[in-house]
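Take a look at the structure set out below.
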Amino acid sequence: MRFTFPLLLGLIISPLTQAAGPAKVATLERSLWPQPLTSAVAFDRASAAEILTFARLLEATALSTEAEIKAFTAVDKPDTASVQRWLGKTRQRLQANYAQACGQCAASASWAALTAVSQRPVTDGYQDWAKASEAFHLRYLYEQVRLAALFPRITSEIHTFNQHEVDGFELPDRQFLLSYDDGPAPDRLKDGVKVNGTEQLIKALESAGMHAQFFALGERIKQQKAPQDFYASQCLGSHGEVHKSHQKWDGWADSINTTRTRLNDYQPGPYWFRPPYGQRSEVLTAALKQAGEGVMLWNIDSQDWNRKLKDKDVEDRVITLMLLWRRGIILYHDIHPRALANLAALQTLQQQAGLNWRDCRSLQPTATNL
């Protein structure tokens, strides 16, 4: 049975928030799941449960017409074709992910079989998690459908334009890439000592033998004047000269070219480009292709910039989305301390649950498949 969510439980967004993000974001207290994620089997069990919750809500939510999409997202003139495209991709991904989580069980044979299993009663002892999981996935469904409804009027990570853009869904099962935006961070004083958040994060990654993708702003590279070997152990990409939408901005080409010159002081090109807010045009993507470069988006948004969230909220959100999508590019910001605060927990999960960190050095911007 299908039903609608008028204005998503009263969550209404203003026009000013449409480009930057929804007023509230999905969070879930992971400790409500009764079993620790300390093995590959435990990860798969929790992954299957999150997939079933999201699949059930997706199937139950009416999103076929413009009126239904508008009622769910509060987006005026939603792009119905974009939403249907997202729905089709998402059903396929959930079905494939459930097959990985359950070991190619019968329930993964079709979307109908998957949604039928998702209707089963909750096992005793899991009720608190089930209630919280449903709230998380309803909110997350809203986040995703809203982005799809706005696309391509406002572009984002919700869709790629072509094979020269990647978003993390191309990675193999259980493989994740850490990525960090908006740096380099400015220096600050802590107990009278000058510290730098990007430098601290890089040192932590080095200690763990990890190689992540950093997307730097050209103006911050100019301001910070970091040593030439600052990013030596990591991968450096472009976030543009300034943190501004590159979708309709007349200065997008100068932004990319200027930043490319600044990056060359630290690492040789070609470079991945991550547009601020994920907003770019097909013309921009085509220009990058001509330069032998590509666009790297993301499919797991930490929301670490959100002041309403605590460190643990961000950590739990990321882990829940790792369970749901089972692969991907994780977006953090090295200018915010939560990137470093969450790292130890993500390392522990990776080691105990049999996950893999993708080495950024193995990803070439000219590649059409990760």
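Count the sequence shown with mature numbering (1 follows the signal peptide of the UniProt record, and there is no 0) and you get residues -19 to -1, 1 to 351, in order.
C-beta: ideal position from N, C-alpha, C; glycine also.
What you are looking at is a predicted structure, and each value in this text was computed from that prediction instead of being measured.
Do you know how far the Cα of residue j is from the Cα of residue i?
i           : j           : result
residue 354 : residue 108 : Because the chain in this structure spans residues -19 to 351, residue 354 falls outside the shown range and cannot be described.
residue 129 : residue 58  : 12 Å
residue 145 : residue 273 : 10 Å
residue 277 : residue 46  : 31 Å
residue 100 : residue 37  : 7 Å
residue -12 : residue 132 : Here the model assigns residue -12 a pLDDT of 44, short of 50, so the residue's position is not dependable, and the following value carries that caveat. Computed Cα separation, rounded: 19 Å.
residue 338 : residue 244 : 24 Å
residue 323 : residue 295 : 8 Å
residue 281 : residue 321 : 17 Å
residue 43  : residue 332 : 40 Å
residue -7  : residue 138 : Only weak support is given to the placement of residue -7: the predicted model assigns it a pLDDT of 38, under 50, and the value that follows is read from those uncertain coordinates. So the two alpha carbons sit approximately 19 Å from each other.
residue 136 : residue 147 : 14 Å
residue 21  : residue 229 : 45 Å
residue 231 : residue 330 : 43 Å
residue 33  : residue 336 : 21 Å
residue 369 : residue 40  : No statement about residue 369 is possible, as the shown extent of the chain runs from -19 to 351 and does not include it.
residue 88  : residue 31  : 15 Å
residue 17  : residue 24  : 9 Å
residue 183 : residue 170 : 18 Å
residue 181 : residue 66  : 41 Å
residue 293 : residue 271 : 42 Å
residue 213 : residue 291 : 31 Å
residue 279 : residue 205 : 26 Å
residue 105 : residue 207 : 55 Å
residue 233 : residue 203 : 18 Å
residue 334 : residue 19  : 6 Å
residue 52  : residue 62  : 16 Å
Residue i lies in the alpha helix (DSSP H); which residues open and close that run?
i           : result
residue 215 : Taken as a continuous stretch (DSSP letters only), residue 215 belongs to no alpha helix (DSSP H), as it is neither H nor E.
residue 235 : 233 to 244
residue 204 : 199 to 205
residue 117 : 108 to 131
residue 360 : As displayed, the chain neither begins before -19 nor continues past 351, which places residue 360 out of reach and without an answer.
residue 178 : 178 to 188
residue 56  : Here residue 56 belongs to no alpha helix (DSSP H), and DSSP marks it neither H nor E.
residue 333 : 319 to 333
Would the beta-carbon of residue i fall within 8 Å of that of residue j?
i           : j           : result
residue 160 : residue 196 : yes
residue 198 : residue 341 : no
residue 219 : residue 237 : yes
residue 82  : residue 29  : yes
residue 9   : residue 298 : yes
residue 247 : residue 217 : yes
residue 124 : residue 264 : no
residue 142 : residue 266 : yes
residue 68  : residue 79  : no
residue 308 : residue 152 : yes
residue 54  : residue 126 : yes
residue 363 : residue 301 : Given that the chain is displayed from residue -19 to residue 351, the structure contains no residue 363 and the question cannot be resolved.
residue 149 : residue 310 : yes
residue 60  : residue 155 : no
residue 118 : residue 35  : yes
residue 113 : residue 103 : no
residue 224 : residue 251 : no
Terminal residues of the continuous beta strand (DSSP E) containing residue i?
i           : result
residue 299 : Unbroken run through residue 299 is the alpha helix (DSSP H), 292 to 306; no beta strand (DSSP E).
residue 170 : 168 to 171
residue 160 : 156 to 164
residue 276 : 275 to 277
The ligand PLP heavy atoms versus the CB of residue i: any closer than 7 Å?
i           : result
residue 302 : In the structure on display, the ligand PLP does not appear, and there are no ligands present to speak of.
Measure how close the beta-carbons of residue i and residue j come, nearest whole angstrom, since I'm counting them as under 8 Å.
i           : j           : result
residue 346 : residue 259 : Between residue 259 and residue 346 the Cβ distance is about 17 Å, and since that is not below 8 Å, they are no contact.
residue 328 : residue 189 : 6 Å
residue 304 : residue 27  : 5 Å
Please tell me whether residue i has its Cβ less than 8 Å away from any Cβ of chain B.
i           : result
residue 173 : No chain B is part of this structure, which consists of one protein chain only.
Assess, as a yes-or-no matter, whether the segment 307 to 318 is touched by the segment 163 to 171 under the definition of 3 or more beta carbon pairs within less than 8 Å.
yes
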